[in-house]
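S.K.:
Residue numbers (my numbering): 131 to 340.
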């Protein structure tokens with residue numbers, strides 16, 4: 131009920147009615163897994179440099195339905211940030227303007243639930259742009275794979291530590307790494323985590339929203 135009220139309020143704030151589809155009921159058993167590389171970890175001041183996304187339908191990762199785009203930053207990236215995201219100025223030579231990138235992403239996502247690893251951060255970064263371009267935050271359902279993984283771990287008590295690092299989850303689920311960590315590869319690996327966890331515990335196929 132509360133979610134419906136928020137969606138109704140958000141829908142009224144849309145600057146372009148074309149994007150009302152974002153608030154429709156999601157397609158059955160379809161998802162988009164995404165990952166962003168950014169200049170830093172502060173959504174208020176940092177920027178998106180690349181976005182990788184892949185569609186999932188039922189139990190299949192649709193390798194022909196992927197998105198991999200570089201985004202022009204408003205200023206030159208620093209050496210310190212390059213150490214974090216591994217994106218060099220040469221990688222951004224064919225980058226597109228942020229508005230084009232974000233609107234392409236919205237068309238790719240549609241009303242599908244969004245799957246990710248610490249997805250709240252990615253949604254916060256994307257929403258900074260969508261608020262400017264279409265007037266609203268990204269309204270899609272969110273599914274957090276680290277929460278799904280946590281629920282599959284057997285613990286002797288509620289206080290037992292569970293390692294939720296990405297590489298640890300990959301190793302424990304016996305999922306192969308796809309080479310370097312970039313936005314698209316991370317989205318693909320996260321989609322494999324999601325499908326593996328969904329098989330391990332069907333109850334986890336329900337939405338984990340932030």
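Glycine included, each C-beta is placed from N, C-alpha and C at the ideal position.
Anyone know if the C-beta pair for residue 201 and residue 318 falls short of 7 Å?
M.R.: Taking 7 Å as the Cβ cut-off, residue 201 and residue 318 do not qualify as a contacting pair.
S.K.: Considering only residues of the segment 177–216, which uninterrupted beta strand (DSSP E) runs meet the minimum length of 3 residues and lie entirely inside it, listed in chain order?
M.R.: The qualifying runs are 178–187, 190–200.
S.K.: Measure the CB-CB distance between residue 149 and residue 245 and report whether it falls below 7 Å.
M.R.: In this structure, residue 245 does not lie closer than 7 Å to residue 149 by Cβ.
S.K.: Hey, would you say residue 394 sits closer than 7 Å to residue 243, going by beta carbons?
M.R.: Residue 394 is absent from the structure shown; the chain starts at 131 and stops at 340.
S.K.: Below 7 Å between beta carbons: does that hold for residue 331 and residue 298?
M.R.: No; because the gap between Cβ atoms is not below 7 Å, this pair is not in contact.
S.K.: Quick one: measure Cβ to Cβ for residue 275 and residue 327, integer angstroms, because I've assumed they're closer than 8 Å.
M.R.: Residue 275 to residue 327, Cβ: 6 Å. Contact.
S.K.: In or out: residue 279 buried (at least 16 other Cβ within 10 Å) or exposed?
M.R.: The residue is buried, with at least 16 neighbouring Cβ atoms inside 10 Å.
S.K.: Let me confirm a value: residue 203 is counted as buried when at least 16 other C-beta atoms fall within 10 Å, else exposed. Which label applies?
M.R.: Buried, since its Cβ has 16 or more Cβ neighbours within 10 Å.
S.K.: Buried or exposed: residue 329, going by 16 or more other Cβ atoms within 10 Å of its Cβ?
M.R.: Exposed, because fewer than 16 other Cβ atoms sit within 10 Å of the Cβ of residue 329.
S.K.: Just list the residues that DSSP pairs residue 168 with in beta bridges.
M.R.: DSSP, once it has assigned bridges, lists 178 as partnering residue 168.
S.K.: What is the residue span of the beta strand (DSSP E) that residue 290 lies within?
M.R.: Segment: none, residue 290 is in no beta strand (DSSP E) and carries neither H nor E.
S.K.: How would you call residue 325, buried or exposed, if buried means at least 16 neighbouring beta carbons within 10 angstroms?
M.R.: It is buried - the Cβ of residue 325 has at least 16 other Cβ atoms within 10 Å.
S.K.: Tell me the rounded alpha-carbon separation between residue 207 and residue 169.
M.R.: Cα to Cα, residue 207 sits roughly 7 Å from residue 169.
S.K.: Please specify which runs of the beta strand (DSSP E), each continuous and at least 3 residues long, are wholly inside the segment 225–261, giving them in chain order.
M.R.: Qualifying beta strand (DSSP E) stretches, in chain order: 244–246.
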